[in-house]
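> Let me begin by handing over the structure; questions about it come next.
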Amino acid sequence: LETFCLCVVDNPYTVLREMHRVVKKQPNSGKIIILDNSRPKNPLVSTILDLGAATQFGSLANKQCRPDLDLTQILASMNNLFSIQQSDNFGAGFFRAYLLSPK
Numbered sequence: 002l003e004t005f006c007l008c009v010v011d012n013p014y015t016v017l018r019e020m021h022r023v024v025k026k027q028p029n030s031g032k033i034i035i036l037d038n039s040r041p042k043n044p045l046v047s048t049i050l051d052l053g054a055a056t057q058f059g060s061l062a063n064k065q066c067r068p069d070l071d072l073t074q075i076l077a078s079m080n081n082l083f084s085i086q087q088s089d090n091f092g093a094g095f096f097r098a099y100l101l102s103p104k
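In structure tokens:
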């Protein structure tokens, strides 16, 4: 279970690869649940996030949160490690939950 950390880590790919390594070792391959910030599909809102992401959004533990992070695109690029079983957005598209199965 990962909640709101991928937007603040330096390299979300590294975190996801480590999740895959740990969960893959589980009998019958466990599942990964991710709840994180999401890039809204509304182009106007996404543009505003792009303009303000580096300067105007608050920090979490002195790390800049990147609400413009496109986690869906990141997970799609890692389709050799995971298959997305379910994906739901909420909060006007600012948040997304994923259920992943390791391959």
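Numbering (this note's numbering), first residue to last: 2 to 104.
Built from N, CA and C at the ideal position, the CB exists for glycine as well.
Remember, it's a predicted structure, so these values are computed and weren't measured experimentally.
Is Ile33 buried or exposed, if buried means 16 or more other CB atoms sit within 10 Å of its CB?
Looking at its Cβ environment, which holds 16 or more other Cβ atoms inside 10 Å, Ile33 is buried.
> Quick check on this structure: which residue in Pro103, Phe96 and Ser102 has the alpha carbon closest to the alpha carbon of Cys6?
If we check each option's Cα against that of Cys6, Phe96 comes out closest.
> Can you tell me which residues form a DSSP beta bridge with Glu3?
DSSP output for Glu3 lists Ile35 as bridge partner(s).
> Which residues mark the beginning and the end of the alpha helix (DSSP H) in which Leu70 is found?
Where Leu70 is concerned, there is no enclosing alpha helix (DSSP H), given that its DSSP letter is neither H nor E.
> Along the chain, where does the alpha helix (DSSP H) that runs through Pro41 open and close?
Taken as a continuous stretch (DSSP letters only), Pro41 belongs to no alpha helix (DSSP H), as it is neither H nor E.
> Return helix, strand or coil for Val23, following the three-state DSSP convention.
DSSP places Val23 in helix when its eight states are reduced to three.
> Please state the DSSP three-state secondary structure of Phe91.
Reduced to three states, the DSSP call for Phe91 is strand.
> Is the CB-CB distance between Leu82 and Leu17 below 9 Å?
Yes; because the gap between Cβ atoms is below 9 Å, this pair is in contact.
> Pick helix, strand or coil for Ser78, following the three-state DSSP scheme.
Correct three-state label for Ser78: helix.
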